[in-house]
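Here this note's numbering is used: the first residue of the sequence shown is 16, the next is one more, and so on.
For each residue, glycine too, the CB sits at the ideal point set by N, CA and C.
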Amino acid sequence: MDTTIAFPLLVGLVAVALFFDFLNGLHDAANSIATIVSTRVLRPHYAVFWAAFFNFIAFMFFGLHVAETVGKGLVDVSIVTPAVIFSSL
(Lines of atoms letter the chains of each structure in order from A and count residues from 1; the text may use other names and numbers.)
(Lines give C-alpha, C1' and ligand atoms only; values in the text may rest on other atoms or scores of the structure.)
Protein backbone atom coordinates (compact mmCIF):
# COMPACT_ATOMS: atom_id res chain seq x y z
CA MET A 1 0.00 0.00 0.00
CA ASP A 2 1.26 3.45 -0.87
CA THR A 3 2.44 5.49 2.12
CA THR A 4 0.41 8.51 1.00
CA ILE A 5 -2.71 6.42 1.58
CA ALA A 6 -1.51 4.30 4.49
CA PHE A 7 -0.58 7.12 6.88
CA PRO A 8 -3.93 8.98 6.73
CA LEU A 9 -5.70 5.64 7.05
CA LEU A 10 -3.61 4.80 10.12
CA VAL A 11 -4.33 8.21 11.68
CA GLY A 12 -8.05 7.74 11.00
CA LEU A 13 -8.08 4.28 12.57
CA VAL A 14 -6.27 5.50 15.68
CA ALA A 15 -8.71 8.42 15.98
CA VAL A 16 -11.69 6.05 15.73
CA ALA A 17 -10.17 3.74 18.36
CA LEU A 18 -9.56 6.64 20.75
CA PHE A 19 -13.10 7.92 20.21
CA PHE A 20 -14.48 4.45 20.95
CA ASP A 21 -12.42 4.22 24.14
CA PHE A 22 -13.62 7.67 25.20
CA LEU A 23 -17.27 6.66 24.73
CA ASN A 24 -16.71 3.35 26.51
CA GLY A 25 -15.15 5.12 29.49
CA LEU A 26 -17.95 7.68 29.46
CA HIS A 27 -20.57 4.94 29.85
CA ASP A 28 -18.58 3.06 32.48
CA ALA A 29 -18.13 6.20 34.56
CA ALA A 30 -21.88 6.79 34.58
CA ASN A 31 -22.52 3.24 35.72
CA SER A 32 -19.99 3.53 38.53
CA ILE A 33 -21.66 6.56 40.13
CA ALA A 34 -25.31 5.87 39.30
CA THR A 35 -26.13 4.11 42.58
CA ILE A 36 -24.52 6.78 44.73
CA VAL A 37 -26.38 9.58 42.96
CA SER A 38 -29.76 7.81 42.72
CA THR A 39 -29.78 7.00 46.45
CA ARG A 40 -28.77 10.61 47.17
CA VAL A 41 -25.70 9.62 49.13
CA LEU A 42 -23.71 12.18 47.13
CA ARG A 43 -24.67 14.98 44.80
CA PRO A 44 -23.66 14.41 41.15
CA HIS A 45 -20.85 16.98 41.33
CA TYR A 46 -19.22 15.25 44.29
CA ALA A 47 -19.81 11.77 42.87
CA VAL A 48 -17.99 12.65 39.65
CA PHE A 49 -15.10 14.10 41.65
CA TRP A 50 -14.86 11.00 43.85
CA ALA A 51 -15.00 8.65 40.84
CA ALA A 52 -12.26 10.55 39.00
CA PHE A 53 -10.09 10.80 42.11
CA PHE A 54 -10.32 7.13 43.06
CA ASN A 55 -9.88 5.89 39.47
CA PHE A 56 -6.64 7.87 39.32
CA ILE A 57 -5.51 6.65 42.74
CA ALA A 58 -6.31 3.03 41.82
CA PHE A 59 -4.13 3.32 38.73
CA MET A 60 -1.31 4.81 40.80
CA PHE A 61 -1.44 1.91 43.28
CA PHE A 62 -2.24 -1.03 41.02
CA GLY A 63 -0.89 0.14 37.65
CA LEU A 64 -1.35 -2.42 34.93
CA HIS A 65 -1.15 -5.51 37.15
CA VAL A 66 -4.83 -6.37 36.70
CA ALA A 67 -4.67 -5.97 32.92
CA GLU A 68 -1.54 -8.10 32.77
CA THR A 69 -3.15 -10.83 34.87
CA VAL A 70 -6.32 -10.89 32.78
CA GLY A 71 -4.41 -10.88 29.49
CA LYS A 72 -1.76 -13.42 30.44
CA GLY A 73 -1.76 -16.41 28.13
CA LEU A 74 -4.66 -15.25 25.95
CA VAL A 75 -2.64 -14.27 22.90
CA ASP A 76 0.52 -15.78 21.49
CA VAL A 77 2.67 -12.65 21.21
CA SER A 78 4.97 -14.22 18.64
CA ILE A 79 2.28 -13.94 15.95
CA VAL A 80 1.21 -10.37 16.74
CA THR A 81 2.63 -7.92 14.22
CA PRO A 82 1.94 -4.20 13.77
CA ALA A 83 -0.35 -5.09 10.85
CA VAL A 84 -2.44 -7.31 13.13
CA ILE A 85 -2.65 -4.59 15.78
CA PHE A 86 -3.73 -1.90 13.32
CA SER A 87 -6.26 -4.18 11.64
CA SER A 88 -7.87 -4.86 15.01
CA LEU A 89 -8.40 -1.15 15.65
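- Shown here, Asp-91 sits in coil according to DSSP, grouped into three states, outside any helix or strand.
- Between the C-alpha atoms of Val-95 and Val-52 there is a straight-line separation of about 43 Å.
- Pairing Pro-97 with Ser-103, the inter-Cα distance amounts to about 10 Å.
- With a 10 Å radius around the Cβ and a threshold of 16 neighbouring Cβ atoms, Ile-48 comes out buried.
- For Gly-86, the uninterrupted alpha helix (DSSP H) segment begins and ends at 80-86.
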